[in-house]
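Structure record follows, encoded as structure tokens.
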Amino acid sequence: MNNIKVAMSAFPSKICFYGCGNMGSAMLRGWLAAGVSPDSFHVVDPIAENLPAGVAVSRSAQEVQPAFDVLVLGIKPQLLSSLASDIAPLLNPGALVISILAGSTTQTLSKAFPTARIVRLMPNLSASIGKSPLGVFAPNEAALAKTDIAAWLAPLGTVIWIDDEAHMDAVTALAGSGPAFIYRVIDALTKGGEAAGLPQAVAAQLALSMTEGAAILAAAASETPGELAARVTSPGGTTAAGLAVLDADSALDRLMTQTLRAARDRGSELAKGDRT
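Residue numbers (our numbering): 9 to 284.
Below you can see the structure in the form of structure tokens.
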């Protein structure tokens, strides 16, 4: 769970979420869990439901009176061009726009919001419990805010600065989409356990508990995941038999490479209209 608390003096007095779907809501809940007051947030979203108590919600930008110094942009990337004119009046001059839009480049975002400083962020749903990787790209004009940005984001997970914006599509594929791939692996392990003769409930519990423990150990260990796998493996034993299947013709490596490439390329497709 999230054990990092935010120093109120270091946090913006108000952050606007324009669009607060699954990812935005995870960020919001992560900040609230870290002790940020609900009064610090204002959500603008026509359909958002089940938002935390105390958070102000407007159904359109026209309902909002004050402008903001910080705005988290959480709409669908395809809607940016049509909604930019509604969003722009919400920004004070020099406001910081933190975009969590897959594929939308800082060049396109700067064209949409020419007076704003732009930062690209890719979290995942684990931000709600303070365990998300947070890939962040800040161009030169936003670099002065790096220390503040890192402090604000720390309760949501691990801040990882990305030096080259061209890598953000791959960051999105691995850090943003990655949890779905892991959930599918857990589901596949459960099904494999069932096929091996276990009751479904037992297989599911074993798969979840095993994954949790393995991930925690991998995060804390000095060894690489590959080295940890070797520690578990005895020559001629059960683990070696299973790894022989995964390692045959580099099956697992090829599968993950193809999976991440497909997700990365989709991010590139979303941005085709952004790039020159």
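Yeah, the Cβ is synthetic: ideal placement off N, Cα and C, and Gly gets one too.
Item                                                                                                                                                : Value
Any contact between the segment 25-38 and the segment 132-139? By contact I mean 3 or more CB pairs, one from each, below 8 Å.                      : yes
Closer than 8 Å is the cut-off here; do at least three beta carbon pairs connect the segment 195-207 with the segment 168-178?                      : no
Determine which residues share a DSSP beta bridge with cysteine 24 and list them.                                                                   : His50 and Leu79
Taking alanine 42 as the reference, which of Trp160, Ala56, Glu71 and Lys119 has the closest Cα?                                                    : Trp160
With a threshold of 16 other CB atoms inside 10 Å of the CB of serine 107, please say whether the residue is buried or exposed.                     : buried
Measure the C-alpha to C-alpha separation of glycine 205 and proline 163 and round it to an integer number of angstroms.                            : 42 Å
Nearest-angstrom Cα distance between alanine 153 and serine 90?                                                                                     : 28 Å
Going by C-alpha distance, which of Glu57, Gln86, Leu142 and Leu216 is nearest threonine 116?                                                       : Gln86
Using the Cβ count rule (16 or more neighbours within 10 Å means buried), how would you classify isoleucine 224?                                    : exposed
Looking at valine 127: is its Cβ nearer than 8 Å to the Cβ of alanine 146?                                                                          : yes
Mapping DSSP to helix, strand and coil, what is valine 210?                                                                                         : helix
For the segment 218-232 against the segment 250-270, are there 3 or more C-beta pairs whose distance is under 8 Å?                                  : no
Just the Cα atoms here: how many angstroms apart are aspartate 172 and methionine 130?                                                              : 14 Å
What is the rounded straight-line gap between the Cα of threonine 241 and the Cα of alanine 222?                                                    : 14 Å
Does DSSP classify phenylalanine 121 as helix, strand or coil?                                                                                      : coil
Per DSSP, what kind of secondary structure is serine 140 in: helix, strand or coil?                                                                 : strand
Give, in chain order, every unbroken run of the alpha helix (DSSP H) that is at least 4 residues long and sits entirely within the segment 208-248. : 208-228 and 233-240
To the nearest angstrom, how far is the alpha carbon of valine 51 from that of aspartate 156?                                                       : 22 Å
Determine the contact status of glycine 62 and proline 46, defining contact as a CB-CB distance below 8 Å.                                          : yes
For serine 48, count the other beta carbons within 10 Å of its own beta carbon; 16 or more makes it buried, fewer makes it exposed. Which is it?    : buried
Which first and last residues belong to the beta strand (DSSP E) in which serine 165 is found?                                                      : Serine is not the amino acid found at residue 165; the sequence shown has glycine there. Run containing glycine 165: 165-169, per the beta strand (DSSP E) assignment.
Do you know offhand how far alanine 158's Cα is from serine 21's?                                                                                   : 16 Å
Taking Cβ to Cβ, would you say phenylalanine 25 is nearer than 8 Å to valine 105?                                                                   : no
With a cut-off of 8 Å on the beta carbons, I'd call alanine 215 and isoleucine 194 a contact; round off their distance for me.                      : 5 Å
Check this for me: beta carbons of alanine 124 and aspartate 94, under 8 Å apart or not?                                                            : no
Rounded to whole angstroms, what is the Cα-Cα separation between isoleucine 83 and arginine 239?                                                    : 45 Å
Please name the residue, chosen from Leu142, Pro60, Gly29 and Ala34, that lies closest to aspartate 53 on a Cα-to-Cα basis.                         : Gly29
Tell me whether proline 97, by its Cβ, gets closer than 7 Å to a heavy atom of the ligand COA.                                                      : For the structure depicted, the ligand COA is absent and the ligand set is empty, with no information on it obtainable.
Using 8 Å as the threshold, is the C-beta distance between valine 44 and alanine 56 below it?                                                       : no
What are the boundary residues of the beta strand (DSSP E) that proline 101 is part of?                                                             : 99-107
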